[in-house]
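Participant:
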Amino acid sequence: MTDGAQEPAAAAPAASQDDSRDDWRFMQLALALGRRGLGRTWPNPAVGAVIVKDGVIVGRGWTQPGGRPHAEAEALKRAGKAAQGATLYVTLEPCSHHGKTPPCADAIIKAGIARVVSALEDVNPQVAGQGHARLRERGIVVETGLGAEDAARDHAGHSRRMREGRPQVLLKLAASSDGKAGLAGRKPVGITGEAARQRVHQMRAEADAILVGIGTVLSDDPHLTCRLPGMFARSPVRVVLDARLRIPLSTAIVGTAREVPVWVFTGPGASPVAEDILKAKGVEVFRVEAKDGRLDLPAVLKALADRGVTRLMVEGGPTVAAAFIAAGLVDRAALFRSPNEIGHGGIGVLEGVPLTALTKSPKLQHLATETVGVDTLDLFERV
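Residue numbers (my numbering): 6 to 388.
#1: Please classify His-349: is it buried, with 16 or more other beta-carbons within 10 angstroms of its beta-carbon, or exposed?
#2: Expressed to the nearest angstrom, what Euclidean distance is found between the alpha-carbon atoms of Val-59 and Ser-25?
#3: In this structure, how does DSSP classify Glu-199 when only helix, strand and coil are distinguished?
#4: Mind checking who Leu-175 pairs with in its DSSP beta bridge?
#5: Counting along the chain, where does the alpha helix (DSSP H) carrying Ser-164 start and finish?
#6: What residue range is occupied by the uninterrupted alpha helix (DSSP H) comprising Val-305?
#7: Just mark Val-205 as buried or exposed, buried being the case when its beta carbon has 16 or more other beta carbons within 10 Å.
#8: What's the gap between the Cα of Asp-336 and the Cα of Lys-177?
#9: Could you check what DSSP says for Leu-369 in three-state terms: helix, strand or coil?
#10: Based on the DSSP secondary-structure assignment, which residues constitute the bridge partners of Ile-219?
#11: I'd like to know if the segment 195-212 and the segment 233-240 are in contact, where contact means that at least 3 CB-CB pairs between them fall below 8 Å.
#12: Run the CB neighbour count on Thr-106, radius 10 Å, all protein chains shown included, and call it buried at 16 or more, exposed below.
#13: Would you decide whether Gln-33 is buried or exposed? Buried here means 16 or more other CB atoms lie within 10 Å of its CB.
#14: With which residues is Leu-254 paired in a DSSP beta bridge?
#15: Alpha carbon to alpha carbon, what distance is there between Met-167 and His-102?
#16: Measure the beta-carbon distance from Gly-53 to Leu-36 and round it to whole angstroms, keeping in mind my assumption that it falls under 8 Å.
#17: In this structure, how does DSSP classify Gly-274 when only helix, strand and coil are distinguished?
#18: Could you work out which residue in Lys-365, Val-379, Asp-159 is closest to Phe-385 when comparing CA atoms only?
#19: Distance check for Ile-347 and Ser-240, CA to CA, integer angstroms please.
#20: Just grab the DSSP bridge partners of Ser-123 for me.
#21: Starting from Lys-185, follow the beta strand (DSSP E) in both directions and report where the run begins and ends.
#22: Excluding sequence positions up to five away, which residues of its chain have a Cβ less than 7 Å from the Cβ of Ala-112?
#23: Can you give the beta carbon distance from Ala-310 to Gly-170, rounded, assuming they're within the 8 Å contact cut?
#24: Would you decide whether Gln-173 is buried or exposed? Buried here means 16 or more other CB atoms lie within 10 Å of its CB.
#25: Quick check on Leu-254: buried or exposed, where buried means 16 or more other Cβ atoms within 10 Å of its Cβ?
#26: Any idea what DSSP makes of Lys-192, helix, strand or coil?
#27: I need the DSSP call for Ser-25, collapsed to helix, strand or coil.
#28: At what residue ranges does the segment 32-105 contain a whole run of the beta strand (DSSP E), taking only runs of 3 or more?
#29: Going by alpha carbons, who is nearest to Gly-313 out of Gly-42, Gly-144, Arg-143, Ala-214?
#30: Pick helix, strand or coil for Val-358, following the three-state DSSP scheme.
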């Protein structure tokens, strides 16, 4: 499960042999294991790995918090000597370069793995097929592509950061049945039910960072943490767009900045005194270019990527959501629809544009609709 969305499982490919069905089953397990690390492994991808010998799982692993140890190293450690002659199923090409840890390709070779089934080639230019090539050079059978569609979605943030220098962007929206996001005067109101709220917290747990505008902070005073039982530690970095550094020190976000990181993006002309005060509270402040009071969103995303963020969840409000859509920076969207109306005077979900700017966007395709408690969730993805 990614982005908190429960999509139908991909159908297993037609198989005439038990071996191919087993390959599919073990790769699905590797994918599920990898998803355990979503939101916790950045800047590294959240990889899953399973080692199988004679039809028996002898080792499994997933990328650990902070990005290391890597999934393959974890699985090999658990497998021990049983890895000799076994098959490794992995959701992304094993690394072939020396970073803070030795190459996983070398560890696989040393362990005596006989066959590697890899879902996806890594777009990281330091790898980019070299891991697979090194394994083949040492006589290991390498097969690629099984589960590639699922793996590409799970590793979209890593790939986007490598290719475009920005994180993958998930836009989360909530709308009443009449397409509103708040009461008149921008007063906050609960829109969705408890099941939808739990899903949103799950999405937060799978994000590296969550972003809102200063308007949302001023009107809602949100915490933007993951409040599922036992999941507070999975809370993402909290990012606020605040071109003039208006964020009050009394807000929940500033007050908890030493518990969960807070990064505030502001413009070049914002008060340096306000910046120093925020820094003293544990808030990091980034300055990017601004025009007409609006921050340069590509510059914000580049700065986030430079800090290692691969998966960004954009959660509000209407002005920020509309800006991301207008800039063509939405890769995936989750639109929760409530059966309840807000009525005349309520503010729109997207500032200045109709909701169809999202739902009918030529850049996004509708993936699925599902029921979440009393609400409906529509999922969209970049074409």
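Glycine residues also receive a C-beta, built at the ideal position from the N, C-alpha and C atoms.
Facilitator: Working from what's here:
#1: Here residue 349 refers to the residue found at position 344 of the sequence shown. Flag for His-349 reads exposed.
#2: For this step, residue 59 is matched to residue 54 along the sequence shown. For this step, residue 25 is matched to residue 20 along the sequence shown. The question names Val, yet the displayed sequence has Asp at residue 59. Roughly 14 Å between the two C-alpha positions.
#3: Here residue 199 refers to the residue found at position 194 when the sequence shown is read from its first residue. Residue state, collapsed to three classes: helix.
#4: Residue numbering aside, residue 175 sits at position 170 when the sequence shown is read from its first letter. For Leu-175, which the question treats as bridged, DSSP gives the partners Met-318, Arg-337.
#5: Working through the sequence shown from its first residue, we reach residue 164 at position 159. Run containing Ser-164: 161-169, per the alpha helix (DSSP H) assignment.
#6: On the sequence shown, position 300 is the one that residue 305 refers to. Start and end: 302-311.
#7: Position 200 of the sequence shown holds residue 205. Looking at its Cβ environment, which holds 16 or more other Cβ atoms inside 10 Å, Val-205 is buried.
#8: Stepping through the sequence shown from its first residue, residue 336 is reached at position 331. Stepping through the sequence shown from its first residue, residue 177 is reached at position 172. Roughly 11 Å separates the two Cα atoms.
#9: Taking the sequence shown and counting its residues from 1, one reaches residue 369 at position 364. DSSP places Leu-369 in strand when its eight states are reduced to three.
#10: If you number the sequence shown from 1, residue 219 lands on position 214. None; Ile-219 has no bridge partner.
#11: yes
#12: Stepping through the sequence shown from its first residue, residue 106 is reached at position 101. When all chains shown are included, Thr-106 counts as exposed.
#13: Along the sequence shown, read from residue 1 onward, the residue named residue 33 stands at position 28. Gln-33 comes out buried.
#14: Here residue 254 refers to the residue found at position 249 of the sequence shown. Its beta-bridge partners do not exist; DSSP assigns none.
#15: Within the sequence shown, residue 102 is the residue found at index 97, counting from 1. Within the sequence shown, residue 167 is the residue found at index 162, counting from 1. Approximately 16 Å between the Cα atoms of the pair.
#16: Walking along the sequence shown from the start, residue 53 turns up at place 48. Walking along the sequence shown from the start, residue 36 turns up at place 31. At roughly 6 Å, the Cβ-Cβ gap stays under 8 Å, so Gly-53 and Leu-36 are in contact.
#17: Residue 274 sits at position 269 when you count from the first residue of the sequence shown. Correct three-state label for Gly-274: coil.
#18: Taking the sequence shown and counting its residues from 1, one reaches residue 385 at position 380. The shortest Cα separation from Phe-385 among Lys-365, Val-379, Asp-159 belongs to Lys-365.
#19: The residue you call residue 240 lines up with position 235 of the sequence shown. The residue you call residue 347 lines up with position 342 of the sequence shown. Answer to the nearest angstrom: the Cα atoms are 30 Å apart.
#20: As a position in the sequence shown, residue 123 is number 118, starting the count at 1. Bridge partners of Ser-123: Val-95, Thr-149.
#21: Counting from one through the sequence shown, the residue named residue 185 turns up at place 180. It spans 185-187 - the beta strand (DSSP E) in which Lys-185 sits, taken as one unbroken run.
#22: On the sequence shown, position 107 is the one that residue 112 refers to. Excluding positions up to five away in sequence, the list reads Glu-77, Ala-78, Leu-81.
#23: The count along the sequence shown starts at 1 and reaches residue 310 at position 305. The count along the sequence shown starts at 1 and reaches residue 170 at position 165. Between Gly-170 and Ala-310 the Cβ distance is about 5 Å, and since that is below 8 Å, they are a contact.
#24: In the sequence shown, counting from the first residue as 1, residue 173 sits at position 168. Buried is the call here.
#25: As a first step, residue 254 must be located in the sequence shown, where it is residue number 249. By the neighbour-count rule (16 or more Cβ atoms within 10 Å), Leu-254 is not buried but exposed.
#26: By one-based count along the sequence shown, residue 192 stands at place 187. Here Lys-192 sits in strand by DSSP.
#27: Mapped onto the sequence shown, residue 25 falls at position 20. If DSSP states are grouped into helix, strand and coil, Ser-25 belongs with the helices.
#28: 53-58, 61-67, 92-95
#29: Locating residue 313 in the sequence shown gives position 308, where the first residue counts as 1. It is Ala-214.
#30: Position 353 of the sequence shown, counting from 1, holds the residue named residue 358. Here Val-358 sits in coil by DSSP.
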